[in-house]
Amino acid sequence: MSKAIKIIVIGAGAGGLMAAGVAAKEGADVTIFEKKDRPGIKIMISGKGRCNLTNEADTETFVKNFPDTGRFLYTALYNFSNWQLVDFFEKYGVPTQVERGGRIFTASGKAKDVVDGLLKFLKEFGVSLRLNTPVDQIVISEGKVVGVKTREGKLFPADRVILATGGSSYPGTGSTGDGYKMSEKLGHTIQPLLPSLVPLITEEGWVLQLQGLSLRNVNLTVSQNDCVIGKEFGEMLFTHYGVSGPIVLTMSRDVVSLLQNGPIKASLDLKPALDHETLDQRIQRDFQKYLNKNYKNSLNDLLPKKLIPVVIKLSEISEDKKVHQITTKERRRLGALIKNMVFTIVDHRGFQDAIVTRGGVKTKEINPKTMESKITEGLYFAGEVINIDGYTGGFNLQAAFSTGYLAGFSVVMKG
Numbered sequence: 013m014s015k016a017i018k019i020i021v022i023g024a025g026a027g028g029l030m031a032a033g034v035a036a037k038e039g040a041d042v043t044i045f046e047k048k049d050r051p052g053i054k055i056m057i058s059g060k061g062r063c064n065l066t067n068e069a070d071t072e073t074f075v076k077n078f079p080d081t082g083r084f085l086y087t088a089l090y091n092f093s094n095w096q097l098v099d100f101f102e103k104y105g106v107p108t109q110v111e112r113g114g115r116i117f118t119a120s121g122k123a124k125d126v127v128d129g130l131l132k133f134l135k136e137f138g139v140s141l142r143l144n145t146p147v148d149q150i151v152i153s154e155g156k157v158v159g160v161k162t163r164e165g166k167l168f169p170a171d172r173v174i175l176a177t178g179g180s181s182y183p184g185t186g187s188t189g190d191g192y193k194m195s196e197k198l199g200h201t202i203q204p205l206l207p208s209l210v211p212l213i214t215e216e217g218w219v220l221q222l223q224g225l226s227l228r229n230v231n232l233t234v235s236q237n238d239c240v241i242g243k244e245f246g247e248m249l250f251t252h253y254g255v256s257g258p259i260v261l262t263m264s265r266d267v268v269s270l271l272q273n274g275p276i277k278a279s280l281d282l283k284p285a286l287d288h289e290t291l292d293q294r295i296q297r298d299f300q301k302y303l304n305k306n307y308k309n310s311l312n313d314l315l316p317k318k319l320i321p322v323v324i325k326l327s328e329i330s331e332d333k334k335v336h337q338i339t340t341k342e343r344r345r346l347g348a349l350i351k352n353m354v355f356t357i358v359d360h361r362g363f364q365d366a367i368v369t370r371g372g373v374k375t376k377e378i379n380p381k382t383m384e385s386k387i388t389e390g391l392y393f394a395g396e397v398i399n400i401d402g403y404t405g406g407f408n409l410q411a412a413f414s415t416g417y418l419a420g421f422s423v424v425m426k427g
């Protein structure tokens, strides 16, 4: 493979960095153009700064975690799987560990290690990195890529270009939808863009009172016009604007698209392991234990401390009522509330807080075996700029790394 083949990668995120390193390893002369002043900014903030870089799930599970376009990823995942990714980072000094839900994080708990590992990879194979250099246009001639033009109007020739600009989520990291505009100018279809894996805004004041409270092992059901949209079991978080956390983010994908039809009802089951009768027996045991206490002092064994005042208010039982004075009807009302705390979702936090973007370059216009455009010869895609968005759990970063690997390999193997 001759160094004469020149590859330009647009974007220094997960997909772009991986693609550049792989192409250089295979013998290409590779330059990355990144509009920000440093690479891997979005990686740095992923997983709350710890970087949930993949998941231990098998390929079929990975595909299922991309609801609309998962099948597009088969070749990319088979060419560069989650365990190959783990081995890759181990080689570059980034050991990993498996955590709850099969999520794989850096052993150090530092996302910076992932970026550092990728930069070692690039250095080893001589990739050039041009920072503060935004690209505005992919230049073509007779249907083939011939280079890129920067915002300053300077033309840089290239035999092939890998577009890895990310989506529109977290625009402060540089993901401002540039790749969509460039792709559209070349004739590609951009599927409608929506925030995904995004925190949700609620209507009720009591939700905001719970700011900072994290709940584990709860069930959340969302519905609209009495039609259930989704159900999730796991962990959620109350915030100063509403709700977030893994199960909320997962369901947000469907919630966002349906909010245009009106508010959405959410039902929180705090004790999903207990049916109504078993829960009622549990409450009776607690009430027997605190028989002569006030109601407000009887729920410490049942609920998190921060949740108690809210539950008391919603149960419509006086907080100073003696436990032995609480009626059967009131006790059952408390149980029903614990199994069904209802609140209203009225909006979402938008692209500025969304982890990924739903939508992007139409997958049918990209060859899934190579990541090359079916419209423009010599144009390849990697990462979130493609219409691939998965659920939370490390799936999206793996997709970026896998499509980046395949694109980087394919640009060289074409000859």
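First residue of the sequence shown: 13, per the numbering used here; consecutive thereafter.
Yeah, the Cβ is synthetic: ideal placement off N, Cα and C, and Gly gets one too.
Is the separation between the beta-carbon of Val157 and that of Arg142 shorter than 7 Å?
For the purposes of this step, residue 157 is identified with residue 145 of the sequence shown, where counting begins at 1. For the purposes of this step, residue 142 is identified with residue 130 of the sequence shown, where counting begins at 1. No, the Cβ-Cβ distance between Val157 and Arg142 is not below 7 Å.
Under the three-state DSSP convention, the category Ala24 falls into:
As a position in the sequence shown, residue 24 is number 12, starting the count at 1. Three-state DSSP puts Ala24 in coil, outside helix and strand.
If you draw a straight line from the alpha carbon of Pro146 to that of Met194, how long is it in whole angstroms?
Along the sequence shown, read from residue 1 onward, the residue named residue 146 stands at position 134. Along the sequence shown, read from residue 1 onward, the residue named residue 194 stands at position 182. Going by the C-alpha atoms only, they are around 12 Å apart.
Can you tell me which of the three DSSP states Ser14 falls into?
Counting from 1 along the sequence shown, the entry for residue 14 is found at position 2. Any reading at Ser14 is ruled out, since the residue's pLDDT is 48, under 50, leaving its predicted position unreliable.
Give the C-beta separation of Arg115 and Asn67 to the nearest angstrom, bearing in mind that I take them to be a contact with Cβ-Cβ under 8 Å.
Along the sequence shown, read from residue 1 onward, the residue named residue 115 stands at position 103. Along the sequence shown, read from residue 1 onward, the residue named residue 67 stands at position 55. Between Asn67 and Arg115 the Cβ distance is about 6 Å, and since that is below 8 Å, they are a contact.
Buried/exposed call for Val354, threshold 16 Cβ in 10 Å:
Locating residue 354 in the sequence shown gives position 342, counting from the first residue. So Val354 ends up on the exposed side.
How many Å lie between Val423 and Ala411 at the Cα?
Walking along the sequence shown from the start, residue 423 turns up at place 411. Walking along the sequence shown from the start, residue 411 turns up at place 399. Taking the straight line joining both Cα atoms gives about 18 Å.
Please classify Pro383 as buried or exposed, where buried requires at least 16 neighbouring CB atoms within 10 angstroms.
Position 371 of the sequence shown, counted from the start, is the residue given in the question as residue 383. Looking at the sequence itself, residue 383 is Met, so the reference to Pro does not match. Flag for Met383 reads buried.
If you draw a straight line from the C-alpha of Arg50 to the C-alpha of Pro204, how long is it?
Walking along the sequence shown from the start, residue 50 turns up at place 38. Walking along the sequence shown from the start, residue 204 turns up at place 192. If you take the alpha carbons of Arg50 and Pro204, they lie about 29 Å apart.
Cβ neighbour criterion (16 or more within 10 Å) applied to Phe245
As a position in the sequence shown, residue 245 is number 233, starting the count at 1. By the 10 Å Cβ count, Phe245 comes out exposed.
Work out the CA separation of Lys374 and Thr181 for me, nearest whole Å.
The residue given as residue 181 occupies position 169 in the sequence shown. The residue given as residue 374 occupies position 362 in the sequence shown. One point to set straight first is that residue 181 is Ser, not Thr, in the sequence displayed. In a straight line, the C-alpha of Ser181 is about 18 Å away from that of Lys374.
Compare the C-alpha of Val106 against each of Phe92, Leu89, Gln272 and Asn64 and name the closest.
One-based indexing of the sequence shown puts residue 106 at position 94. Of the listed residues, the one whose Cα sits closest to Val106 is Asn64.
Can you tell me which residues form a DSSP beta bridge with Thr188?
What you label residue 188 is simply residue 176 of the sequence shown in a count that begins at 1. Paired residue(s): none; Thr188 is not in a bridge.
For Lys47, which of helix, strand or coil comes out of DSSP?
Start at 1 with the first residue of the sequence shown, and residue 47 comes out as number 35. In this structure, Lys47 counts as coil in the three-state DSSP scheme.
Going by other Cβ atoms of all chains shown within 10 Å of its Cβ, with 16 needed for buried, is Gly406 buried or exposed?
Taking the first residue of the sequence shown as position 1, residue 406 is located at position 394. Result: buried.
Given Met13, which residues of its chain have a CB within under 8 Å of its CB, disregarding the five upstream and five downstream residues?
Walking along the sequence shown from the start, residue 13 turns up at place 1. Reliability of the predicted coordinates at Met13 is poor, the pLDDT of 42 falling under 50, and no value is obtained from them.
The beta strand (DSSP E) that contains Arg112, what's its start and end?
Counting from one through the sequence shown, the residue named residue 112 turns up at place 100. Here Arg112 belongs to no beta strand (DSSP E), and DSSP marks it neither H nor E.
Looking at the secondary structure, which residues open and close the beta strand (DSSP E) in which Gln236 lies?
As a working note, residue 236 is residue 224 in the sequence shown. Here the beta strand (DSSP E) through Gln236 covers Ser226 to Gln236.
Distance between Ala170 and Ile17 (C-alpha atoms, nearest Å)
As a position in the sequence shown, residue 17 is number 5, starting the count at 1. As a position in the sequence shown, residue 170 is number 158, starting the count at 1. Those two C-alpha atoms are separated by around 8 Å.
Whose C-alpha, out of Thr415, Thr388 and Glu396, is nearest the C-alpha of Ser153?
In the sequence shown, residue 153 corresponds to position 141, counting from 1. Nearest option by C-alpha distance: Thr388.
Among Thr214, Val255, Val230 and Ile324, nearest to Pro275 - alpha-carbon criterion
Position 263 of the sequence shown holds residue 275. With distances taken between Cα atoms, Pro275 lies closest to Thr214.
Euclidean distance between Cα positions of Gly420 and Phe92
Sequence index remark: in the sequence shown, residue 420 carries index 408 (1-based). Sequence index remark: in the sequence shown, residue 92 carries index 80 (1-based). Their backbone Cα atoms lie some 11 Å apart in a straight line.
Residue interval of the beta strand (DSSP E) (run including Lys277):
The sequence position of residue 277 within the sequence shown is 265, counting from 1. That run of the beta strand (DSSP E) goes Ile276 to Asp281.
Which partner residues does Asn443 have in the DSSP bridge list?
It is not possible to answer for residue 443, since the shown part of the chain is limited to 13 through 427.
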